[in-house]
Structures are given as structure tokens and as C-alpha cells.
Amino acid sequence: MEIKKEDIVSVIITLCLLFVWYLTLNLFNYPLISLLILWVGMIVLSITYYMVYKTKKRDMRLLKLRFLISAVPIYSALLFYVYILFNGKEVSGVFRLLPIGIILTMLFLNAGVVYFYSRPLQRGG
């Protein structure tokens, strides 16, 4: 598998979503609204990415693997963040910026999967 334009575009869009999340968090100081923007953007990006994989007839096993490795743990971590927001009195300090670490971890895991599948197979002799 080689890295295609849509792989690079999805990373750029994800970083833009992260920037918009951070901007709305600092401007409006409502973590749930800014997290909702980030979450909806990531879901729309995932659906769009699935449709691109389908139309370009790329290996769907790779998309499923990328989803299982990154999206499932990341979305559960974001759910935990929402739980903290609802049940905690105030989210401050490091916990306030938790989605940055969550999304960057997702990008790192996705890059690892793409790198692993883009390497040529080493045949033993």
C-alpha cells in the first residue's frame, strides 16, 4: 500500500479540526460545544474517508484495521472526557487539553498502520 493524497488530506483536515476545537475552547470557554464540533468533524471525516476508500477500490481491510486500532480507543477516550465534563465540577489544567493528546495519539497510530503496510515485504531466504 502506498500513501495516497487522501491519506495526507485526512491528516491535514484532522489537524485543522483540532485547531478549530482549540480555538473554540479558548474563545467561548465551553468545552462541550468545542468537543461536539471536533467529534462531529471526526465522524464526518471517517464517513467521507470510507466513501473514498470504496470509490477508489482501496483495500478495505486496511481501513478496518486503522479504525479498530485508532478510532475505537479514541472515541472511548473522548466519551470518558465527556463523562468528566458532565460529572466533574470543573475541568482545568491538563484535563482541559486532553483531546489534543487523544487526537495526536490517533494520528500516530494511523501513521504506524500506514507505515507498516507501505513497507515492502521482507522475504526470508
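Residue numbers (the numbering used here): 265 to 389.
C-beta atoms are modelled at their ideal positions from N, C-alpha and C, and glycine is treated no differently.
Taking the alpha-carbon of residue i as reference, which of the options has the nearest alpha-carbon?
i	options	result
Y345	P295, I267, F283	P295
A375	T288, L342, A335, V304	A335
W285	F380, I272, G305, D271	G305
Would you mind giving the Cβ-Cβ distance between residue i and residue j, rounded to the nearest angstrom? I have them listed as a contact below 8 Å.
i	j	result
I267	V378	6 Å
Y317	L327	5 Å
T288	I301	6 Å
What does the Cβ neighbour count give for residue i, buried or exposed, with the cut at 16 atoms within 10 Å?
i	result
N351	exposed
M370	buried
T319	exposed
N293	exposed
I367	buried
G388	With a pLDDT of 49 at G388, under the threshold of 50, the modelled position of that residue is not reliable, and the figure given next carries that caveat. Looking at its Cβ environment, which holds fewer than 16 other Cβ atoms inside 10 Å, G388 is exposed.
I272	exposed
Quick one: does residue i have its CB under 8 Å from some CB of chain C?
i	result
Y339	Protein chain content of the structure displayed is limited to a single chain, and chain C is not contained in it.
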